[in-house]
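Protein chains in written order, with the UniProt record's numbering: chain A, 1 to 317; chain B, 1 to 280.
Single-structure report; data block below.
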Ligand SMILES: [Zn+2]
């Protein structure tokens, strides 16, 4: 069963009609191929139209679509080998953050990302993609190991935020994220960071210091979720759409402000509509970006990485 | 190459010294309710002579406590917030900033300066909570970044005094990236082999905790300061339970291994100077 968002309702209606038509044709043994083709074309047209002018809030909705590919889905589709590595060597393994060595088009990379769950049980297991400090520490351990073996790093960002829990505070959530920010600037190997879903605040940034930071077309990346922004600034949950507009949190916005380096196109209908095509696009993007970054020396990459982030900000003086 | 969009805005408001120190002749401690003379309270580094409650103070007070004879040179004094997102919630962001400047006499939520401390040159950045909750926007990030640059160029130690509710939401993505920027500069400071002392004061939460405040060679805090990543209200809502007493206090954070020591404000200057001498 496909899940439709509120603004996808017209598509859902037409697809319902299409299914009905096919079912009737099947039972009554009549040829409706022409009608089916016409309807399929109009669904396609409608989808193109709807996705051409998405609002910021609609992109936020798409970034959280329950059928959207998650980190492990991409790894499975893009990589020929993947050996998952667990644990921060101090407290425990954090299932909300996954990572390991993988082979992509004959090259070894370290791939790391937040992981969400697909059903209730998985969602709880993955803590809704909200890592604890040990998740960030595991990520850093794996990045340092990639550096040791001179392998590039790819991180996939998809989190509603770092977990705001009791144990997370006891174990230093703030310190864990802060350390990653500082250490990632000094990594000698290429680092590519891609927002594949939600990029909420420090919890996202904690694995997002890269030579290239990219965002998929229907994702968001900002300092707070539109809902929480609405609650704090408007003192009500109801202004989330306005908050999303005000925060300018889409891939287009963030690229125009030079806060990220670029946008990765999604298939028409969104990443969830065609996992295979989305993974293909992402794989090509990663390979092309790696080629660019391999042309630089480690010192050049570090200098450029630091200079890029240090240029972010607008002040009056 | 200029990294910044610079806009000239010849605003020259006289710096009105109406900052966080309580004025009037008498000071009543909000903790033990006892009354003392304002001068006595000030001489006691704005801590209560009866119960040692550490009053929340701002950059003016910290600079006078730390720099010898209150001698210092302020850096980037005139830097102010822009409005890169043309952000409006219930108010326009520039209006909010202007009103806060008028009310506090401050330009933004951090002031940076260098000067002598026990006769050794030091660079200090100090946050002002009165300015939109000490929230971190482009100005906070940029001033701290440049203060670190100053410390590197002049080979001075760097002391950061944090007091912040976290991000400046009205600068959204720009605010978030200040965490990255300040951490990048601290990585450079570290490479230069210069000491970084981070003093966390009440409260230090959110993106500030998750960046420069926790990155000190020495992380130190004032007694009783609230220190955390998530705020207590958010955690309470997440776990659906009341929080244990003392949760996220400086003492709790020390016990869990994230602070080097807690320092009474009256001993702050001596202890920091002593530490810096030991590692010289
Ligand atoms: Zn008292």
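Virtual Cβ for every residue (Gly too), placed ideally from N, Cα, C.
{"Check": "Chain B contact for residue 226 (chain A) (CB, 7 Å cutoff)", "Outcome": "no"}
{"Check": "Partners in chain B for residue 310 (chain A), counting only beta-carbon separations shorter than 8 Å", "Outcome": "3, 145, 181, 184 and 185"}
{"Check": "Residue 65 (chain A) - containing beta strand (DSSP E), residue span", "Outcome": "Unbroken run through residue 65 (chain A): none, as it is neither H nor E."}
{"Check": "Three-state class that DSSP yields for residue 129 (chain B) in the structure shown", "Outcome": "coil"}
{"Check": "Chain B contact for residue 87 (chain A) (CB, 7 Å cutoff)", "Outcome": "no"}
{"Check": "Secondary structure, alpha helix (DSSP H): runs of 4+ residues fully inside the segment 201 to 235 of chain B", "Outcome": "none"}
{"Check": "Cut-off 6 Å between Cβ atoms - residues of its own chain near residue 209 (chain B), not counting five sequence neighbours on either side", "Outcome": "229"}
{"Check": "Member of B:199, B:168, B:121 and B:184 whose CA lies at the smallest distance from the CA of residue 62 (chain B)", "Outcome": "B:199"}
{"Check": "The segment 198 to 209 of chain A contacting the segment 155 to 171 of chain A, beta-carbon criterion three pairs below 8 Å", "Outcome": "yes"}
{"Check": "Whole-Å CB distance - residue 156 (chain B) paired with residue 123 (chain B), under 8 Å assumed", "Outcome": "5 Å"}
{"Check": "Members of the segment 207 to 224 of chain B that neighbour chain A once the beta carbon cut-off is set at 9 Å", "Outcome": "207, 208, 209, 210, 211, 212, 213, 214, 215 and 219"}
{"Check": "Contacting residues, own chain, Cβ-Cβ under 8 Å from residue 181 (chain A) (five flanking each side not counted)", "Outcome": "205, 206 and 209"}
{"Check": "Alpha carbon of residue 232 (chain B) to alpha carbon of residue 243 (chain B), nearest angstrom", "Outcome": "8 Å"}
{"Check": "Alpha-carbon to alpha-carbon, residue 47 (chain A) and residue 117 (chain A)", "Outcome": "27 Å"}
{"Check": "Whole-angstrom distance between residue 198 (chain A) and residue 187 (chain A), CA atom to CA atom", "Outcome": "25 Å"}
{"Check": "Simplified DSSP assignment, three categories, for residue 279 (chain B)", "Outcome": "coil"}
{"Check": "Proximal residues, the segment 248 to 261 of chain A versus chain B, C-beta separation under 9 Å", "Outcome": "248, 249, 253, 254, 257, 259 and 260"}
{"Check": "Residue 48 (chain B) - DSSP class collapsed to helix/strand/coil", "Outcome": "coil"}
{"Check": "Contacts around residue 286 (chain A), its chain only, beta-carbon distance under 7 Å, and the 5 residues preceding and following it disregarded", "Outcome": "104, 154 and 192"}
{"Check": "Residue environment, residue 206 (chain B), which counts as buried when at least 16 other CB atoms sit within 10 Å", "Outcome": "buried"}
{"Check": "Whole-Å CB distance - residue 172 (chain B) paired with residue 316 (chain A), under 8 Å assumed", "Outcome": "Not a contact, Cβ separation roughly 18 Å."}
{"Check": "Any 3 or more C-beta pairs closer than 8 Å across the segment 34 to 42 of chain B and the segment 251 to 261 of chain B", "Outcome": "no"}
{"Check": "Residues near residue 91 (chain B) in its chain [Cβ-Cβ closer than 7 Å; skip 5 each side]", "Outcome": "none"}
{"Check": "Shell residues, 5 Å Cβ cut-off relative to heavy atoms of ligand 1", "Outcome": "B:29, B:31, B:32, B:48, B:50, B:51 and B:53"}
{"Check": "Nearest neighbour of residue 201 (chain B), chosen from B:71, B:59 and B:39 [CA to CA]", "Outcome": "B:59"}
{"Check": "Positions along the segment 122 to 144 of chain B whose CB lies within less than 7 Å of some CB in chain A", "Outcome": "138, 139, 141 and 142"}
{"Check": "Residue-chain proximity (residue 175 (chain B), chain A), Cβ-Cβ < 7 Å", "Outcome": "yes"}
{"Check": "Length-filtered (4 minimum) alpha helix (DSSP H) runs lying within the segment 108 to 147 of chain A", "Outcome": "120 to 125"}
{"Check": "Short CB-CB distance (under 7 Å) between residue 37 (chain B) and chain A", "Outcome": "no"}
{"Check": "Paired residues, beta bridge with residue 116 (chain B) - DSSP", "Outcome": "B:121"}
{"Check": "Exposed unless 16 or more other CB atoms sit within 10 angstroms - verdict on residue 30 (chain B)", "Outcome": "exposed"}
{"Check": "For residue 224 (chain A), three-class secondary structure by DSSP", "Outcome": "coil"}
{"Check": "Cα-Cα separation, residue 96 (chain B) to residue 246 (chain A)", "Outcome": "15 Å"}
{"Check": "Same chain, Cβ closer than 6 Å to residue 93 (chain B), five either side skipped, listed in chain order", "Outcome": "83, 87 and 170"}
{"Check": "Beta-carbon proximity check, residue 217 (chain A) vs residue 251 (chain A), cutoff 7 Å", "Outcome": "yes"}
{"Check": "Minimum length 3: unbroken beta strand (DSSP E) runs contained in the segment 138 to 222 of chain A", "Outcome": "153 to 159, 191 to 200, 212 to 216 and 220 to 222"}
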